[in-house]
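Residue numbers (the numbering used here), protein chains in the order written: chain A, 1 to 334; chain B, 1001 to 1282.
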Amino acid sequence: MTEVSVQGEKRNRNAAAEFTRPLLLSPSEDLAGYVMGHLGLTILFLITTTSVAAVFLIFYFVIRESLPFFTTGGGAAILARVREFFTDPGWYPSATEPRYGALALIVGSLYVTAGALVVAVPVGLLAGVFLSDIAPFNLRQICKPVIEILAAIPSVAYGFFAVMVLAPWLQTHLGFSSGTNALNASLILAVMALPTIISVSEDAMTAVGREIREASYGLGATRAETIINVVIPAGHSGILAAVILGMMRAIGETMVVWMASGNASRIPSPWWDLSQSIRTMTATIAGDMGETPKDSEHYYALFTVGLTLLLFTFSLNLLSEYLLGKARAGRGRR
Amino acid sequence: METPETVPLKKTDAGHAARPQQFAQAAVTESSEAVISARQFSFFYGAKCGVDQVSMAIRSGSVTAIIGPSGCGKSTFLRSINRMNDLIPGSRAQGVLAVNGHNVYDKRTNLVNLRQQVGMVFQKPNPFAKSIYDNICYGPRLQGIRSRGRLSEIVEKCLRDAALWDEVKDDLHKSALALSGGQQQRLCIARTLATRPNVVLMDEPCSALDPIATARIEDLIAQLKGAYTIVIVTHNMQQAARVSDETAFFCLGKLIEYDRTEKLFTNPSKKETEDYITGRFG
Ligand SMILES: Nc1ncnc2c1ncn2[C@@H]1O[C@H](COP(=O)(O)OP(=O)(O)OP(=O)(O)O)[C@@H](O)[C@H]1O
Ligand SMILES: [Mg+2]
């Protein structure tokens, strides 16, 4: 029989035909594998279910605590309550004739969120484009972590800044009667939403890939043409998701709006007057909850506000998940 | 070989939009002159040398093949010609690489004009996530062509040239990403032709294609020869021998031998070249 050298080891020409290690599991190996496999699976499954269950429990709890707000008056009153809640701008829980109209609070939340987005979206997207396509490589390496630090600053620190620095500045330089108002809250929320918008949109545009940029440059496009015609269209789902994530950050923020918005539950009139104080859903819950007896009407009303907020953020979250999923699928195709 | 299409490819035909003409004229009047010439050209990725002191001249209107083992700097050299390597952080060029007598690594180079006139087909097909029609119109639109009629004409002509027209003529508005890999590559070739370049650089254009599509691309190269200057990188020695007039053999970033294709394949003057083309190369 001839011998050949395989990886320095002398082997017999027929070595390929002889399998020296058994291909079948021994019974004990088989059992151990079965037990370990199933045990691991069960533990991981339980851990995962816990966090999923937590979400459902929160929903259950909030719904349970808010339902009595509508149902206490009996059948006919339900509709009246729903109408009051969504159309009445008056939130006077401690008046002798209490009113629970959340319209001003909902409008207040949407108002500061929109104000924040008007500032944060253009700035954030331009910064995202700059970091993904224009900034030299070294600058990008420095900027990204610094921007992410912005996201790590506790919101109370932002609130402090809003009250101590921005509010007096607005009063003296723009002549506002009160420095804590819709403009103040919007500006601070914009700064807080920026890191999210910048880093998610930058990721979306960086993920577009060098090949596709090269295709565009290779056909004689300038950098601006490439960004507008190729990079942004290809990354649009991720960019939209960035905007929505920024929006979620703004609408769910509590401490900053509580400190910076002035907390007056009324709808600004005229609507564009940013110097007026407003009040958001989050600030109302945080502000009122401490002094509200459990199982009172006010308590149930606050939970209804919470439920409304939860539905807002939940639907925004679903939308952003959907868009990010689309962005990922688009990337996979390439 | 017979080709199904007889649309003439001369650039002097009812052309696309007006664009800087001096280049085209120069290329025509001095047709035997070198259109691309490298002198002691080196290219670095950071500290790593991708192309090492290469000097060569490529005749206008010729087809030049670049062969060599993987990682020897073929793509790097090719992509330097229209400065596609600019996007890579930390990259740097040295020496002279002239297109039509003008050093492309000069600071004053107009990159838009350079890339319109020196088009590129990449190693991996890279169509835009747009329709087939919009992919081809991308270049002409950048050059300011807006008329629908003109654009449709260009689309048809370029798709015919790239041997893709018959397969896609019924759904030009379908997404280019829905095409097969080989079709995408031919679309990329059509897209490059649509900018009416003088020089076409092709980086392994057939590596994703089946033998039939490969034959079509080779026919296309034969048709384009004369009207365009073509530089093609290929790992397929038969292909290099079939399509090219001149062949350059690269190894470890250096140009080892550069000669008429016939001569290089039948009677190479360097030992390394012979080893490589006869397959004795490590
Ligand atoms: N983006 C890059 N960054 C750093 N080094 C690179 C980069 N691209 C290529 N190189 C290096 O430059 C050398 C030449 O690469 P190049 O892509 O030109 O080879 P090639 O001849 O085209 O190979 P192939 O036939 O596999 O395509 C290689 O050693 C490679 O490691
Ligand atoms: Mg290559």
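C-beta: ideal position from N, C-alpha, C; glycine also.
For P98 of chain A and Y60 of chain A, I'd like the C-alpha separation in whole angstroms. Each residue's alpha carbon lies about 27 Å from the other.
With a 10 Å radius around its C-beta and 16 neighbouring C-beta atoms as the bar for buried, classify N1110 of chain B as buried or exposed. The residue is exposed, with fewer than 16 neighbouring Cβ atoms inside 10 Å.
Alpha helix (DSSP H) runs wholly inside the segment 239 to 277 of chain A, at least 4 long, in chain order: Entirely contained in the segment 239 to 277 of chain A, the alpha helix (DSSP H) runs reaching 4 residues are, in chain order, 255 to 260.
With hydrogens ignored, establish whether the beta-carbon of Q1123 of chain B is closer than 7 Å to any heavy atom of ligand 2. Yes, the beta carbon of Q1123 of chain B sits closer than 7 Å to at least one heavy atom of ligand 2.
Backbone CA spacing between A1098 of chain B and G115 of chain A [nearest angstrom]: Distance between the alpha carbons of A1098 of chain B and G115 of chain A: 54 Å.
If you count every other CB in all the chains shown that lies within 10 Å of the CB of G246 of chain A, and 16 or more means buried, which is it? With 16 or more other Cβ atoms within 10 Å, it is buried.
Beta carbon proximity, F1128 of chain B to chain A, threshold 8 Å: For F1128 of chain B, the answer is yes, since a Cβ of chain A falls inside 8 Å of its Cβ.
Environment of I106 of chain A [buried if 16+ CB atoms lie within 10 Å]: Around the beta carbon of I106 of chain A, 16 or more other beta carbons lie within 10 angstroms, which makes this residue buried.
Specify which residues have a beta carbon nearer than 5 Å to any heavy atom of ligand 4, listing them in chain order. With respect to ligand 4, the structure offers nothing, as its ligand set consists of ligand 1 and ligand 2.
Give me the Cα-Cα distance between S269 of chain A and L1172 of chain B, rounded to the nearest whole angstrom. Whole-angstrom Cα-Cα distance: 53 Å.
For A250 of chain A and L189 of chain A, believed in contact at Cβ under 8 Å, the rounded distance: About 4 Å; that satisfies the 8 Å criterion.
Within the chosen definition, does the segment 1257 to 1273 of chain B reach the segment 1076 to 1093 of chain B through at least 3 CB pairs nearer than 8 Å? The segment 1257 to 1273 of chain B is not in contact with the segment 1076 to 1093 of chain B.
Residue burial classification, T1283 of chain B (beta-carbon count within 10 angstroms, cutoff 16): For residue 1283 of chain B there is no data in the structure shown, the boundaries of chain B being 1001 and 1282.
Would you say E1274 of chain B and T1234 of chain B are within 8 Å of each other, going by their C-beta atoms? Their beta carbons are not under 8 Å apart, which means E1274 of chain B does not touch T1234 of chain B by this criterion.
Where does the unbroken alpha helix (DSSP H) through G108 of chain A begin, and where does it stop? Going by DSSP, G108 of chain A is part of the alpha helix (DSSP H) stretching over 103 to 129.
Hey, is D1166 of chain B close to ligand 2, as in C-beta under 7 Å from one of its heavy atoms? Remark: the C-beta of D1166 of chain B is outside contact range of ligand 2, defined as less than 7 Å to any heavy atom.
Fully enclosed by the segment 193 to 243 of chain A, which beta strand (DSSP E) runs are 3 residues long or longer? Counting only runs of 3 or more, we get nothing.
Does any CB atom of chain A fall closer than 8 Å to the CB of Y1045 of chain B? For Y1045 of chain B, the answer is no, since every Cβ of chain A falls outside 8 Å of its Cβ.
heavy atom of ligand 2 below 7 Å from E1204 of chain B C-beta: In this structure, E1204 of chain B has its CB closer than 7 Å to one or more heavy atoms of ligand 2.
Give, in chain order, every residue of the segment 198 to 229 of chain A whose Cβ lies closer than 8 Å to some Cβ of chain B. With the criterion set as a beta carbon lying under 8 Å from some beta carbon of chain B, the members of the segment 198 to 229 of chain A are R210, E211, I212, R213, E214, A215, S216, Y217, G218, L219, G220, A221, T222, E225, N229, in sequence order.
Between T1229 of chain B and chain E, is any beta-carbon pair separated by less than 8 Å? Structure shown: chain E not included; protein chains present are A and B.
To the nearest angstrom, report how far apart V208 of chain A and G235 of chain A are at their CA atoms. Cα to Cα, the separation comes out at about 6 Å.
If you run the structure through DSSP and keep just helix, strand and coil, what is T1064 of chain B? Secondary structure of T1064 of chain B (DSSP, three-state): strand.
For F137 of chain A, would you say it is in contact with chain B, using Cβ-to-Cβ distances shorter than 8 Å as the test? Closer than 8 Å to some Cβ of chain B, the Cβ of F137 of chain A qualifies, so yes.
Tell me whether H1102 of chain B sits in a helix, a strand or coil according to DSSP, three-state version. Residue state, collapsed to three classes: strand.
Taking the beta carbon of T180 of chain A as the centre, do at least 16 other beta carbons fall within 10 Å, making it buried, or is it exposed? Around the beta carbon of T180 of chain A, 16 or more other beta carbons lie within 10 angstroms, which makes this residue buried.
Cutoff 8 Å: A329 of chain A Cβ touching any chain B Cβ: For A329 of chain A, the answer is no, since every Cβ of chain B falls outside 8 Å of its Cβ.
How would you call I197 of chain A, buried or exposed, if buried means at least 16 neighbouring beta carbons within 10 angstroms? Burial call: buried.
Could you please give the first and the last residue of the uninterrupted alpha helix (DSSP H) stretch that includes Y34 of chain A? Residues 27 to 71.
Mind checking which residues open and close the alpha helix (DSSP H) that includes G159 of chain A? First-last of the alpha helix (DSSP H) with G159 of chain A: 155 to 161.
Can you list, in chain order, the stretches of the beta strand (DSSP E) that have 3 or more residues and sit fully within the segment 1170 to 1256 of chain B? Fully enclosed beta strand (DSSP E) runs of 3 or longer: 1199 to 1203, 1229 to 1233, 1246 to 1251.
Kindly list the residues whose CB is nearer than 6 Å to the CB of A53 of chain A, restricted to its own chain and excluding five residues on each side of it in sequence; keep chain order. If the five residues before and after A53 of chain A are omitted, its C-beta is found closer than 6 Å to no C-beta atom of its own chain.
Compute the beta-carbon to beta-carbon distance between V119 of chain A and S186 of chain A, rounded to the nearest angstrom, for a pair I have assumed lies under 8 Å. So it is a contact: roughly 7 Å between Cβ atoms.
Give the secondary structure of K1107 of chain B by DSSP, where H, G and I count as helix, E and B as strand, and everything else as coil. Here K1107 of chain B sits in coil by DSSP.
Using alpha carbons as the reference points, say which of A:E211, A:T206, A:I239 lies closest to K1124 of chain B. The residue among A:E211, A:T206, A:I239 with its C-alpha nearest the C-alpha of K1124 of chain B is A:E211.
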